[in-house]
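Take a look at the structure below.
Chains as they are written, first to last, in full-length UniProt numbering: chain A, 1 to 206; chain B, 1 to 206.
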């Protein structure tokens, strides 16, 4: 069996195939790169037209990350996948509180998800930060509430929770905000998608 | 805005919606649970008919994990997502060598991917283990070579690498093996899918 074994050659060929399958998109070059990485990470061409951008999202995200903005993740899989070699030299911290004792205890007490509990507790720290939600619609709902209550204003929200209960609704609500966001319409999304979007922005830093 | 905040209620409602959307499947009850969790984790109903099982895969996987089989992952996102609360009481180790110094050095020397380098080095330890490949087709090709060379015989291969370069081909080759496997036809897959399959097996342990 013959197959490509060099990582850069694999990525180059993959991106060329994706570009060819997607054809021209009505997006900026920077936005196209984000969409291509989402397709690359899901193997799903149908996801491309579902990626939605606030007009200043990509610019705001790249600028914030370049200047050392921290990234708050809803789950540890997102944190694990983000490219630390690109993030750390800029000074950004990578944070996820879902396994913190305080969060676990508080979630037990309320019967609510740990992801939303973590986000409620962390919200006052979110000013100027980049938020990456790949899993939990409840975390995204909680974040939107905090923004509407004037508790925080993140630099960018990558809000791509997945699933059949609340995901589509939370993302639709996100797309009505004036805060920069990147999202995926409907039920699709996930930790790998959140990671792909963040890593694409990190790769595009000047 | 009204939404469900209790994690068990979210999962129950989600699984009911998925069961309703999928309708009856020509699968065992245990296989259906795996497929439903894959749909749950991707938000993608179209992925259901692409999930392929070696006839004894689910039984072999549940049995191996119950008896403390270790799980070898191609990337750390897979390792991060696997349910340790269910795995650890049975004695199974969770392993990923992609960031080991030896692997990094060897991959630099050969110009090959770190995932395949790790799998080449680890293959002699794979007897009776569960393998979880969510990302790298090259790791799956390497594993198939090791099996064909008689170097190892895992208890189960969850082989769901993603993408447009080698993923579909490596998974097609996997489905010709006599070793128990679970895979996804075509380009789709990913770390979250590998995690969903493993966690479904862990949840089904007696």
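C-beta atoms are modelled at their ideal positions from N, C-alpha and C, and glycine is treated no differently. It should be emphasised that the depicted structure is a prediction, and the values quoted were computed from it without experimental measurement.
Look at the Cβ atom of residue 167 of chain A, then the Cβ atom of residue 34 of chain A, and state whether they are nearer than 9 Å.
Taking C-beta atoms as the reference points, residue 167 of chain A and residue 34 of chain A fail to come closer than 9 Å.
Nearest-angstrom Cα separation, counted from residue 38 of chain B out to residue 49 of chain B
Between the alpha carbons of residue 49 of chain B and residue 38 of chain B lies a gap of roughly 11 Å.
Rounded to whole angstroms, what's the CA-CA distance from residue 170 of chain A to residue 73 of chain A? Just pull it up for me.
Their Cα atoms are separated by approximately 16 Å.
Counting only Cβ-Cβ distances shorter than 8 Å, please list the residues of the stretch 166 to 193 of chain B near chain A, keeping chain order.
Taking 8 Å as the cut-off between beta carbons, the residues of the stretch 166 to 193 of chain B near chain A are 166, 167, 169, 170, 173, 186, 187, 188, 189, 190, 191 and 192, in sequence order.
Residues of the stretch 19 to 32 of chain B in Cβ contact with chain A at a cutoff of 7 Å, in chain order, please.
Within the stretch 19 to 32 of chain B, not one residue has a Cβ closer than 7 Å to any Cβ of chain A.
Looking at residue 30 of chain A and residue 58 of chain A, is the spacing between their C-beta atoms short of 9 Å?
For the pair residue 58 of chain A and residue 30 of chain A, the CB atoms are nearer than the 9 Å cut-off.
Return the bridge partner residues of residue 94 of chain A from the DSSP annotation.
Residue pairing by DSSP places residue 94 of chain A opposite A/71 in a beta bridge.
For the alpha helix (DSSP H) that residue 162 of chain A lies in, which residues bound it at each end?
DSSP places residue 162 of chain A outside any alpha helix (DSSP H), giving it a letter other than H or E.
Tell me whether residue 26 of chain A sits in a helix, a strand or coil according to DSSP, three-state version.
If DSSP states are grouped into helix, strand and coil, residue 26 of chain A belongs with coil.
Taking 6 Å as the limit between beta carbons, can you name the residues of its chain near residue 76 of chain B, skipping five residues before and five after?
Answer for residue 76 of chain B: 96, listed in chain order.
Could you pull the DSSP bridge partners for residue 132 of chain B from this structure?
B/73 and B/158.
Identify which residue in A/26, A/185, A/6 and A/124 has its Cα closest to the Cα of residue 43 of chain B.
Comparing Cα positions, the closest option is A/185.
Please list, in chain order, the residues of the stretch 78 to 105 of chain A that have any C-beta partner in chain E closer than 9 Å.
The structure shown contains no chain E; the protein chains it does contain are A and B.
Do residue 165 of chain A and residue 4 of chain B have their beta-carbon atoms positioned less than 9 Å apart in this structure?
Yes. Within cutoff.
Is the stretch 53 to 72 of chain B touching the stretch 58 to 67 of chain A, taking contact as three or more C-beta pairs under 8 Å?
For the pair of segments examined, the stretch 53 to 72 of chain B was found not to touch the stretch 58 to 67 of chain A: the number of CB pairs separated by less than 8 Å stays below three.
Inter-residue Cα distance where the pair is residue 71 of chain B and residue 178 of chain A
A straight line joining the alpha-carbon of residue 71 of chain B with that of residue 178 of chain A spans about 44 Å.
Hey, could you find the ends of the beta strand (DSSP E) residue 210 of chain B is sitting in?
Because residue 210 of chain B is not part of the residues shown, which for chain B are 1 to 206, the question remains open.
Near residue 41 of chain A, which residues of its chain fall below 8 Å by C-beta distance, leaving aside the five closest residues on each side in sequence?
So the list reads 192, 193, 195 and 196, once near-sequence residues are dropped.
Spatial neighbours of residue 106 of chain A within its chain, please: C-beta separation below 7 Å, excluding the five flanking residues on both sides.
Once the five neighbours on either side are set aside, the close Cβ partners of residue 106 of chain A are 117.
Cβ pair residue 79 of chain B, residue 103 of chain B closer than 9 Å
Against a cut-off of 9 Å, the Cβ pair of residue 103 of chain B and residue 79 of chain B comes out as no contact.
Would you tell me roughly how many angstroms separate the C-alpha atoms of residue 190 of chain B and residue 82 of chain B, rounded to the nearest one?
Between residue 190 of chain B and residue 82 of chain B, the C-alpha separation is close to 13 Å.
State yes or no: is the beta carbon of residue 3 of chain A nearer than 9 Å to at least one beta carbon in chain B?
Residue 3 of chain A belongs to the set of residues whose beta carbon lies under 9 Å from a beta carbon in chain B.
For the stretch 18 to 25 of chain B and the stretch 146 to 159 of chain B, state whether three or more C-beta atom pairs, one from each stretch, are separated by less than 8 Å.
At 8 Å Cβ cutoff, the stretches do not touch.
Check residue 18 of chain B in the structure and name its three-state DSSP category.
Residue 18 of chain B falls in the helix class under three-state DSSP.
What are the boundary residues of the alpha helix (DSSP H) that includes residue 119 of chain B?
Boundaries of the alpha helix (DSSP H) harbouring residue 119 of chain B: 114 to 122, taken from the DSSP string.
If you measure between the beta carbons of residue 205 of chain B and residue 86 of chain B, is that distance less than 9 Å?
Cβ atoms of residue 205 of chain B and residue 86 of chain B: closer than 9 Å.
Pick helix, strand or coil for residue 176 of chain B, following the three-state DSSP scheme.
DSSP, reduced to helix, strand and coil, places residue 176 of chain B outside both helices and strands of the structure shown, so it counts as coil.
Could you check if residue 183 of chain A is buried or exposed, using at least 16 other CB atoms within 10 Å of its CB as the buried criterion?
In summary, residue 183 of chain A is buried, with 16 or more beta-carbon neighbours lying within 10 Å of its beta-carbon over all protein chains present.
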